[in-house]
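Before any comments, here is the structure.
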Amino acid sequence: MSSRLPVIEHTSRPWRIHALAPDYRVEDVWSLPTPGGADDFPRLVEQFTAGPGNPIVRALLAIRLWLGAPFGLNPPSGGARAPWRGEPIPGDLRDRPGPDFGPFACLYITGTEWAAHATAGGVDAIAHLGWVGDGSGAYRGRFATLVKPHGLFGRAYMAGIAPIRHQVVYPLMIRSIAHGWTGDLSRSTR
């Protein structure tokens, strides 16, 4: 199954996001229950960006948006995207657009990495997917959240939502990914 990993499992890898977001803090790193081969990363990105499959996660996100609206804490709406305030995106990445994920606008996609950015609640956040080989030809997905809180409010916001993210949202989201992943595999073998 999945597990929360030490931050070094993200920072020690040569991800392109490191150069684009040097002032972002790695908040969470998770191993995903998505065993596959070298060419399966696009399937993981497609499944992840389809949105949360778990109804509890969808309900929590709806509650979060409802509570954040009166205080201006929500991401831009109506298709608007928060501006990217990190390092300039190199042309080789800028020319490879990928799918967005809710309010997260895709920054880039490669054969082993996808990153998207959003701003909400006084925090700039990056959702990052990576495809990690184990040396034997098998691969597995990794999910990381990178954040840049703005001021005391942004730090308090991150601290306030941490228990819900760690105990409810991420575990349910990852279970949904696992269910979809194994369902995809069983359909592809018929």
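Residues in the sequence shown are numbered from -4 upward in steps of one, following our numbering.
Where a beta carbon is used, it is the ideal one built from N, C-alpha and C, also for glycine.
Whole angstroms are fine: how far does the CA of residue j sit from the CA of residue i?
{"i": "Arg89", "j": "Leu102", "result": "7 Å"}
{"i": "Asp186", "j": "Pro144", "result": "Since the displayed the chain opens at -4 and closes at 185, residue 186 lies outside it and no answer follows."}
{"i": "Gly117", "j": "Ser131", "result": "42 Å"}
{"i": "Phe99", "j": "Gly125", "result": "16 Å"}
{"i": "Arg53", "j": "Val163", "result": "12 Å"}
{"i": "His13", "j": "Trp176", "result": "28 Å"}
{"i": "Trp109", "j": "Thr140", "result": "12 Å"}
{"i": "Ser26", "j": "Arg135", "result": "7 Å"}
{"i": "Phe36", "j": "Ile104", "result": "10 Å"}
{"i": "Phe148", "j": "Ala115", "result": "11 Å"}
{"i": "Pro83", "j": "Ile121", "result": "15 Å"}
{"i": "Ala173", "j": "Leu167", "result": "10 Å"}
{"i": "Val40", "j": "Gly146", "result": "32 Å"}
{"i": "Ala133", "j": "Arg20", "result": "29 Å"}
{"i": "Ser183", "j": "Gly106", "result": "A caution first: Ser183 carries a pLDDT of 45, below 50, which makes its placement in the model too unreliable to give a value."}
{"i": "Ile3", "j": "Arg38", "result": "26 Å"}
Starting from residue i, trace the alpha helix (DSSP H) in both directions and tell me its first and last residue.
{"i": "Ala120", "result": "No alpha helix (DSSP H) contains Ala120, which is instead part of the beta strand (DSSP E) from Val118 to Gly128."}
{"i": "Asp90", "result": "Segment: none, Asp90 is in no alpha helix (DSSP H) and carries neither H nor E."}
{"i": "Arg38", "result": "Phe36 to Thr44"}
{"i": "Leu15", "result": "Ile12 to Leu15"}
{"i": "Glu4", "result": "Ile3 to Thr6"}
Since residue i sits in a beta bridge, which residues does DSSP pair it with?
{"i": "Arg20", "result": "Val142"}
{"i": "Glu108", "result": "Gly125"}
{"i": "Gly31", "result": "Tyr134"}
{"i": "Trp176", "result": "Paired residue(s): none; Trp176 is not in a bridge."}
{"i": "Ser171", "result": "BP columns for Ser171 are empty, so no partner."}
{"i": "Tyr103", "result": "Ala110"}
Assuming residue i contacts residue j under a Cβ cut-off of 8 Å, what Cβ separation, rounded to an integer in Å, is found between them?
{"i": "Val127", "j": "Glu22", "result": "Rounded, the Cβ-Cβ distance is 19 Å, inconsistent with contact."}
{"i": "Leu15", "j": "Gly81", "result": "5 Å"}
{"i": "Asp129", "j": "Ala111", "result": "That belief does not hold up - the Cβ atoms of Asp129 and Ala111 are roughly 25 Å apart, past 8 Å."}
{"i": "Arg137", "j": "Val24", "result": "7 Å"}
{"i": "Ile169", "j": "Leu55", "result": "Actually they are not in contact, since the Cβ atoms of Ile169 and Leu55 sit about 14 Å apart, beyond 8 Å."}
Any C-beta of chain D sitting closer than 8 Å to the C-beta of residue i?
{"i": "Gly130", "result": "In the displayed structure, chain D is absent; only one protein chain is listed."}
Legend entry - the segment 30 to 42 contacting the segment 4 to 16, beta-carbon criterion three pairs below 8 Å: No, the segment 30 to 42 does not touch the segment 4 to 16.
Legend entry - Inter-stretch contact at 8 Å, needing at least 3 Cβ pairs: the segment 139 to 157 / the segment 39 to 46: No: fewer than three Cβ pairs fall under 8 Å.
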